[in-house]
Amino acid sequence: MIQQGHEGELCSWLKESNLIRSNMNCPTEGCNGKSLQWSPARSIDKYSWVCFDCKKRQNLRDSSFFLQIKCDLKICMQLIVAWCQSIPSDVVINHLNVKPHVVKRAYEKLGKVTETYVIKHAKDWVLGGGEKILIVDEFPGGYMAETVSTPVPKKRNNNCRTILCIAECHNLPPRMWMHIINANPEPPKNAKNQTTTRCGMVEEALNEIRAHAVPGSFLIANKRARCCNYEALKELQEYTVLCIEDLQTYDTPGKNELLANLETIWQTGIGVCEEIQDSTRSNGLSSLYEHLWKQKFATTPSNAFTHIIHHIAECHPLT
Numbered sequence: 504m505i506q507q508g509h510e511g512e513l514c515s516w517l518k519e520s521n522l523i524r525s526n527m528n529c530p531t532e533g534c535n536g537k538s539l540q541w542s543p544a545r546s547i548d549k550y551s552w553v554c555f556d557c558k559k560r561q562n563l564r565d566s567s568f569f570l571q572i573k574c575d576l577k578i579c580m581q582l583i584v585a586w587c588q589s590i591p592s593d594v595v596i597n598h599l600n601v602k603p604h605v606v607k608r609a610y611e612k613l614g615k616v617t618e619t620y621v622i623k624h625a626k627d628w629v630l631g632g633g634e635k636i637l638i639v640d641e642f643p644g645g646y647m648a649e650t651v652s653t654p655v656p657k658k659r660n661n662n663c664r665t666i667l668c669i670a671e672c673h674n675l676p677p678r679m680w681m682h683i684i685n686a687n688p689e690p691p692k693n694a695k696n697q698t699t700t701r702c703g704m705v706e707e708a709l710n711e712i713r714a715h716a717v718p719g720s721f722l723i724a725n726k727r728a729r730c731c732n733y734e735a736l737k738e739l740q741e742y743t744v745l746c747i748e749d750l751q752t753y754d755t756p757g758k759n760e761l762l763a764n765l766e767t768i769w770q771t772g773i774g775v776c777e778e779i780q781d782s783t784r785s786n787g788l789s790s791l792y793e794h795l796w797k798q799k800f801a802t803t804p805s806n807a808f809t810h811i812i813h814h815i816a817e818c819h820p821l822t
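Take the sequence shown: its position 283, counting from 1, is numbered 786 in this note's numbering, and each next residue is one higher.
1) Which residue wins for smallest C-alpha separation from T665, given the options A686, G632, P677 and A544?
2) Taking the beta carbon of K825 as the centre, do at least 16 other beta carbons fall within 10 Å, making it buried, or is it exposed?
3) Short check: CB of L750 to CB of L761, under 7 Å?
4) Between the alpha carbons of A544 and Q561, how many angstroms are there, rounded?
5) Rounding to the nearest angstrom, what Cα-Cα distance links C818 and T619 in this structure?
6) So I723 and I747 are supposed to be a Cβ contact under 8 Å. How far apart are they, rounded?
7) With contact counted as at least three CB pairs below 8 Å, one residue from each stretch, are the region 808-816 and the region 595-611 in contact?
8) Between which two residues does the beta strand (DSSP E) containing P603 stretch?
9) Starting from K707, trace the alpha helix (DSSP H) in both directions and tell me its first and last residue.
10) Give the straight-line distance between the Cα atoms of N535 and C529, rounded to the nearest whole angstrom.
11) Taking 6 Å as the cut-off, is the C-beta of F568 nearer than that to any heavy atom in the ligand NAD?
12) Measuring only the C-alpha atoms, how far is T743 from V717?
13) Please go through the same chain and pick out, in chain order, the residues whose beta-carbon is closer than 7 Å to the beta-carbon of K537, but skip the five residues on each side of it.
14) To the nearest angstrom, report how far apart L517 and S566 are at their CA atoms.
15) To the nearest angstrom, report how far apart E532 and K559 are at their CA atoms.
16) Could you tell me whether the Cβ atoms of Y550 and C574 are closer together than 7 Å?
17) Please state the DSSP three-state secondary structure of A670.
18) Determine whether the beta carbon atoms of I465 and S789 lie at a separation below 7 Å.
19) Measuring CA to CA, which of L675, H715 and A648 is closest to M681?
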């Protein structure tokens, strides 16, 4: 289907998948919305829509995901496959011999599809329930950045982004929800009682936990985190809250068994948290949503491809 000479077959599949239009009306005023005809064309896509009355042609990519990706449809599909396989853009550029801006644009648009889907279907990322255990931590302030093999956390500037991370330990790799904290780390300056006023980031984190953790779950927190520490989470009466530092007392003497388990749990989330620290806010959000999407739908490249095709069609309705 993506071989040279099979453009017609590819276009038929794209129509069936609702990725390009399967019919179109002429926009010319005098043609009164007459149905356009599918016709071979001397264009990069080999086909277009044509009105046999006014002779005007319309781009087959009209209103589609592919509209602003400057390469043929065959390459577009190969870029989607590469994204599903998490192949770095520089490798794709060399392998497919395409311009860097083309790969960048395609990957950005795919990231936007995942962002739109996760935001629209946020309830699909509700964790816990049935007395399941949820680890609640923040990056880089909690235990996530500290592993048994690397006990000294990476040095960061004061402008690092705090990321709330919730992991469900029922399976490995664990299901996760992550959220970049927007609020300031300090209480409002005009607060009358600075000692008792809770900073905005704690309030934001608690609201996010309520939204993505099923009541009745066990929450395991720590005393290090600023936005989601053990003391703050204790007020969430609909959950049973436990403390990592207390649980460490059950480790075998001389061993860091709990920290080793935490390292295993967080290993699939550390990479995106590091990436977010080095990104602009908008790029960081895109990386976060893409990670959450792939965690759910990209268990295999084949699964990722099947789902992203459906979600592209959902995100780009051909109205």
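Glycine residues also receive a C-beta, built at the ideal position from the N, C-alpha and C atoms.
By the coordinates alone:
1) A686
2) Residue 825 is absent from the model: the chain starts at 504 and stops at 822.
3) It is a contact, given that the beta carbons lie within the stated cut-off.
4) 11 Å
5) 7 Å
6) 6 Å
7) no
8) Premise fails: P603 lies in the alpha helix (DSSP H), P603 to K623, not in any beta strand (DSSP E).
9) It is worth fixing the name first, because residue 707 is Glu in this sequence and not Lys. That run of the alpha helix (DSSP H) goes G703 to H715.
10) 7 Å
11) As for the ligand NAD, it is missing from this structure, which has no ligand bound.
12) 11 Å
13) N528, C529, C554 and D556
14) Distance from the CA of L517 to the CA of S566, rounded to the nearest whole angstrom, comes to 13 Å.
15) 12 Å
16) Taking a C-beta distance under 7 Å as the contact criterion, Y550 and C574 do not qualify as a contact pair.
17) strand
18) A query on residue 465 cannot be resolved here, the shown segment of the chain reaching from 504 to 822 and no further.
19) H715
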